[in-house]
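Q:
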Amino acid sequence: MMMPSIFGESLLSNWMDFPFDRSFFGTKEGMKTDVKEVDDGYELDIDLPGFQKDDIKARLTDGYLTITASKAENKEEKDKEGRYIRRERYSGSMSRSFYVGNAVKEEDIRAKFENGILKLSVPKNKKTEIEQNNYISIEG
């Protein structure tokens, strides 16, 4: 038997959701990311709906590329009609890190934000060639 809900959601509506798709407090995690390997690097598409460019920071530290997005909420917000009794749009901050290697520098990474998607281009680490030993034969 389904339980009724005032706001159109059953208490059991998320019963079959994958348990790691939600945070400790039950909300779905943000920053869904697609990573595509291309010839010279990787392309990342990170979903950040509802955020503005100024809400997003990208930082490279010790080989880790960290993306942080934060949005403030005005808890006392009222309009002419009254006060909110339920708010489902995200307010707060989220962060995600990717290991890109120590050889990658900030100037190597390209970032573009449009239509709620942060697009990043990260170069691949260049493989260091192993030095070959050329031996000279010794006669005698």
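Here my numbering is used: the first residue of the sequence shown is 30, the next is one more, and so on.
Note that the Cβ used here is the ideal one computed from N, Cα and C, for glycine as well.
All of these numbers come straight from a predicted model, not from anything done at the bench.
1) Going by CA-CA distance only, name the one from L94, R125, L77 that's closest to S150.
2) Got a sec? Which residues, its chain only, sit under 6 angstroms from D74 by beta carbon, not counting five neighbours each side?
3) Around the C-beta of V133, are 16 or more other C-beta atoms found within 10 angstroms, so that it is buried, or is it exposed?
4) Counting along the chain, where does the beta strand (DSSP E) carrying P152 start and finish?
5) Is the separation between the beta-carbon of S120 and that of K100 shorter than 7 angstroms?
6) Under the three-state reduction of DSSP, which class applies to Q74: helix, strand or coil?
7) Using the rule of at least 16 other Cβ atoms within 10 Å of the residue's Cβ for burial, across every protein chain shown, is V175 buried or exposed?
8) Could you check whether E117 and L89 sit closer than 7 angstroms to each other, using their CB atoms as the reference points?
A: Quick answer:
1) L94
2) D63, I146, K148
3) buried
4) 146-152
5) yes
6) Checking the sequence, you will find Asp at residue 74 rather than Gln. D74: strand per DSSP, three-state reduction.
7) Lying before the first or after the last residue shown, residue 175 is absent from the chain, which here runs from 30 to 169.
8) no
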